[in-house]
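A.B. asks: I'd like to ask you about the structure that follows.
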Amino acid sequence: MHPVLAAFPRRPLRILRTGVPSVVGLSLLGVLMLAFVAGIAVWMGPGILHDWEIRNNPVEVPQARISNGKCRSKLVLVTCEADLAYAIGGRRYGRHVSFSFVDVHFGDYTANVVRSADKPELATLDIGLEAMWNRIGTAVGFIALFLAIGIGLFRNAGRSASLKKIARSSDQLTPVTVTVTQMTKNWLGKNVSCTYAAAGAKPRKFAERMKKKEDPFFLDGRTALAVVPGSSPTPILVDEALTRIDLNDAERHALLAARHGAVPPPAAWPQPQPQPR
11 MHPVLAAFPR RPLRILRTGV PSVVGLSLLG VLMLAFVAGI AVWMGPGILH DWEIRNNPVE
71 VPQARISNGK CRSKLVLVTC EADLAYAIGG RRYGRHVSFS FVDVHFGDYT ANVVRSADKP
131 ELATLDIGLE AMWNRIGTAV GFIALFLAIG IGLFRNAGRS ASLKKIARSS DQLTPVTVTV
191 TQMTKNWLGK NVSCTYAAAG AKPRKFAERM KKKEDPFFLD GRTALAVVPG SSPTPILVDE
251 ALTRIDLNDA ERHALLAARH GAVPPPAAWP QPQPQPR
């Protein structure tokens with residue numbers, strides 16, 4: 011056992027501030043991901059349904075005119091659009107088409123106009139029909155990706171809310187050691203990723219935010235001090251200045267001294283509490 015764990019106060023303590031991610035922020039990001047899902051469905055869905063109907067009975071329109079046609083590529087996502095104009099049986103039709111698919115392509119695309127034999131007002135480009143399953147897979151892939159991210163954000167928001175509630179309501183803090191696996195800086199401060207291995211349990215990963223000038227209370231190497239509030243399965247990091255929990259000056263001095271090996275550890279933690287008579 012590290013001497014700091016042994017020197018940790020035995021009295022009830024409160025957590026004054028946590029680095030748990032914001033519940034509101036995570037929830038808003040989750041809503042944003044769901045908005046992306048809806049946006050992708052609106053952006054790609056109608057075009058796929060429109061071209062699927064043409065695909066059932068296609069007819070090429072050799073006299074059709076294609077204007078403003080262009081395909082733009084960003085990484086592997088290709089977006090094509092064009093204005094189509096054609097005449098069938100003396101009646102003129104015009105339509106703007108746009109679709110996206112995944113492709114690794116160098117150079118220009120060549121395209122012809124294809125319409126539905128049953129509904130002449132429905133027309134598209136043949137490259138859109140050739141890439142139909144690619145377009146469906148691209149849409150489903152984007153929707154699944156953003157939906158998974160959104161669900162994950164809502165789950166993390168629920169965990170954050172539960173941990174914040176426990177931290178506010180519990181004054182029973184158990185000191186533990188955690189391993190800091192990564193620290194990344196951003197304009198808001200620092201993101202600290204950790205792993206915690208409770209006795210007899212699988213290692214648990216968690217992350218917290220710290221201010222720009224804050225650091226974890228390192229014990230040695232990548233090992234840092236944290237506290238487990240009440241029955242929480244996830245610990246909360248202790249900061250280098252020891253201001254996240256309501257320690258007094260003497261207790262802070264004792265922990266700092268213990269980190270340097272000045273305080274010998276007791277036999278075990280937690281110490282048995284005397285039974286009331």
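For the sequence shown, my numbering gives the first residue as 11, with consecutive numbering after it.
Glycine is no exception: its CB is placed at the ideal position from the N, C-alpha and C atoms.
Three or more beta-carbon pairs under 8 Å between the segment 49-69 and the segment 142-155, yes or no?
C.D. replies: With a cut-off of 8 Å, the segment 142-155 and the segment 49-69 count as touching, because enough Cβ pairs lie within range.
A.B. asks: Classify K222 as helix, strand or coil using the three-state DSSP reduction.
C.D. replies: Of the three classes helix, strand and coil, the one that applies to K222 here is coil, per DSSP.
A.B. asks: Would you say V190 and R232 are within 7 Å of each other, going by their C-beta atoms?
C.D. replies: Result yes, Cβ atoms of V190 and R232 sit closer than 7 Å.
A.B. asks: Output needed for L163: all residues of its chain with C-beta closer than 7 Å, excluding positions within five of it in sequence on either side, in chain order.
C.D. replies: Once the five neighbours on either side are set aside, the close Cβ partners of L163 are L36, L39, G40, M43.
A.B. asks: Measure how close the beta-carbons of A234 and F228 come, nearest whole angstrom, since I'm counting them as under 8 Å.
C.D. replies: Indeed, because the Cβ distance is near 5 Å, the residues count as touching under 8 Å.
A.B. asks: What first and last residue would you give for the alpha helix (DSSP H) that runs through T148?
C.D. replies: Per DSSP, T148 belongs to the alpha helix (DSSP H) from 142-179.
A.B. asks: What are the boundary residues of the alpha helix (DSSP H) that S37 is part of?
C.D. replies: Residues 33-66.
A.B. asks: Return helix, strand or coil for A208, following the three-state DSSP convention.
C.D. replies: A208: coil per DSSP, three-state reduction.
A.B. asks: Excluding the 5 residues preceding and the 5 following V30 in the sequence, name in chain order all residues of the same chain whose CB lies nearer than 6 Å to its CB.
C.D. replies: These residues qualify, in order along the chain: S170, L173, K174.
A.B. asks: With which residues is T89 paired in a DSSP beta bridge?
C.D. replies: Per DSSP, R82, S110.
A.B. asks: What is the DSSP secondary structure of V124, reduced to helix, strand or coil?
C.D. replies: Three-state DSSP puts V124 in a strand.
A.B. asks: Of the residues A167, L26, P13, which one's Cα is nearest the Cα of D181?
C.D. replies: When only C-alpha atoms are compared, the closest one is L26.
A.B. asks: Where does the unbroken alpha helix (DSSP H) through A16 begin, and where does it stop?
C.D. replies: Taken as a continuous stretch (DSSP letters only), the alpha helix (DSSP H) holding A16 covers 13-17.
A.B. asks: Can I246 and T28 be called in contact, C-beta distance under 7 Å?
C.D. replies: Yes, they are a contact pair.
A.B. asks: In whole angstroms, give me the CA-to-CA distance for P22 and F46.
C.D. replies: The alpha-carbon atoms of P22 and F46 are separated by roughly 46 Å.
A.B. asks: Does M11 pass the burial test, meaning 16 or more other C-beta atoms within 10 Å, or should it be called exposed?
C.D. replies: With fewer than 16 Cβ atoms within 10 Å of its Cβ, M11 is classed as exposed.
A.B. asks: Helix, strand or coil for E70? Go by DSSP, reduced to three states.
C.D. replies: Here E70 sits in strand by DSSP.
A.B. asks: Indicate the three-state DSSP secondary structure (helix, strand or coil) for D136 in the structure shown.
C.D. replies: Three-state result, D136: helix.
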